[in-house]
Amino acid sequence: MSDTFYLRYYVGHKGRHGHEFMEVEFRPDGKLRYANNSRYKNDTMIRKEVYVSQTVLDELRRIVEDSEIIQEDDSNWPEPDEQGRQELEIVQGDDHVSFATTKLGSMVQVQSSKDPEGLKNFYHLVQDVKCMALTLINAHFKVQPI
Amino acid sequence: MDADVAHQNENQSLTASDRGTAAKSVEGWVLIATNIHEEAQEEDLYDIFADYGDVTYIQVPLDRRTGYVKGYAVLEYSLESEAKKAVDALNGSDFFGRKIKVDWAFRKEPIGNHISDQ
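Protein sequence lines, in the order shown, are assigned to chains A and B.
Under the working numbering, residue 153 is the last one in the first sequence; the count climbs by one each step, no gaps.
Under the working numbering, residue 127 is the last one in the second sequence; the count climbs by one each step, no gaps.
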């Protein structure tokens, strides 16, 4: 697959401990950027970057395509609020989508929203994205990201 | 075989183009395997990869929606030669009825920069 694929995911909130967030970005040239700013234990920000192979990008793209997230839209999703914010931005060939919603605490919250099916797709996809990014970062750097 | 000779032999067994793109990770050489059948389990993957060297790390993420594996695995060998043997032997091979892809997970430079990317 040679046409453009890009994905960025952000989850965070601003609260008692300041701005706590995690962000993951997969760029078309293979650069995987990971940042985690959790102030709970101390003030360290973790930033890691590594280039992944085309096979890795192809697999992420396959996961995104299977989720059918490109067909969703966030107009009926809960807005970002004091609980937090999630952002997902994807470029896949000619498609460019971006979503913003609050931090989702549970499936109950997803099921009781105005678009449970769409939000459920989002909820599962971001879990898969986080899992892939953390698996790769952990394998390469052998540090346990928070 | 003493450590120096083993290390030299390790370097000579690899072609320049293979080593041109793959990047070493902190503790070894990491591969990704994709198109894994959802009913495969970590032990099944470990078994096929263990033929080529000591698998020092393996993760087979699950699809939390289905409970089956998501479809890819990330694994590591300490030696580049072991990883290369696994890629050569298993890339395109049949596993649970599917043709799996096995490749290096990480690279030293952006995609598109290396001649083998063209």
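Beta carbons: idealized from backbone N, C-alpha and C, even for Gly.
Note that the coordinates shown come from a computational prediction; the quantities given were computed from them, not determined experimentally.
C-alpha gap between residue i and residue j, whole angstroms
i	j	result
Lys79(B)	Leu64(A)	15 Å
Glu89(A)	Lys110(B)	43 Å
Ala42(A)	Tyr58(A)	15 Å
Val104(A)	Leu95(A)	8 Å
Ala107(A)	Met114(A)	18 Å
Leu126(A)	Asp60(B)	43 Å
Leu71(B)	Leu40(B)	18 Å
Trp113(B)	Ala31(B)	6 Å
Gln21(B)	Leu88(B)	With a pLDDT of only 38 at Gln21(B), under 50, the local geometry of the prediction cannot be trusted, and the value read off the model is given with reservation. Taking the straight line joining both Cα atoms gives about 13 Å.
Thr65(B)	Leu54(B)	13 Å
Pro62(A)	Thr43(B)	A quick correction: the sequence has Thr, not Pro, at residue 62(A). C-alpha separation (whole angstroms): 8 Å.
Thr24(B)	Tyr86(B)	For Thr24(B), the predicted model reports a pLDDT of 37, less than 50, meaning its position is unreliable; a value from the coordinates is still stated below. If you take the alpha carbons of Thr24(B) and Tyr86(B), they lie about 18 Å apart.
Asp122(A)	Asn83(A)	6 Å
8 Å contact criterion, which residue i and residue j should meet: CB distance rounded
i	j	result
His131(A)	Ser45(A)	With a Cβ gap of about 23 Å, His131(A) and Ser45(A) do not count as contacting.
Val31(A)	Lys137(A)	7 Å
Ile70(A)	Asp135(A)	5 Å
Lys94(B)	Gly62(B)	7 Å
Ala140(A)	Val83(B)	No, Ala140(A) and Val83(B) are not in contact; Cβ-Cβ is about 11 Å, not under 8 Å.
Phe33(A)	Val18(A)	With a Cβ gap of about 15 Å, Phe33(A) and Val18(A) do not count as contacting.
Gln78(A)	Phe12(A)	At roughly 17 Å, the Cβ-Cβ gap does not stay under 8 Å, so Gln78(A) and Phe12(A) are not in contact.
N- and C-terminal bounds of the beta strand (DSSP E) containing residue i
i	result
Ala82(B)	Tyr81 to Tyr86
Val111(B)	Lys110 to Trp113
Val161(A)	The requested residue 161(A) is not part of the displayed model; chain A covers only 8 to 153.
Residue range of the unbroken alpha helix (DSSP H) whose run includes residue i
i	result
His147(A)	Pro123 to Phe148
Asp97(B)	Glu89 to Leu99
Val117(A)	Met114 to Gln118
Original post:
Along the chain, which unbroken stretches of the alpha helix (DSSP H) at least 4 residues long are found entirely within the segment 16-96 of chain A?
Top reply: 61-74
**OP:** Determine, using beta-carbon pairs with one atom in the segment 61-79 of chain B and one in the segment 39-50 of chain B, whether at least three such pairs fall under 8 Å.
**Re:** yes
Original post:
In chain order, which continuous runs of the beta strand (DSSP E) of length 3 or greater are located wholly inside the segment 38-62 of chain B?
Top reply: Those beta strand (DSSP E) runs which fall completely within the segment 38-62 of chain B and span 3+ residues are 38-43.
Original post:
Any contact of the segment 104-123 of chain B with the segment 15-22 of chain A, i.e. 3+ C-beta pairs under 8 Å?
Top reply: no
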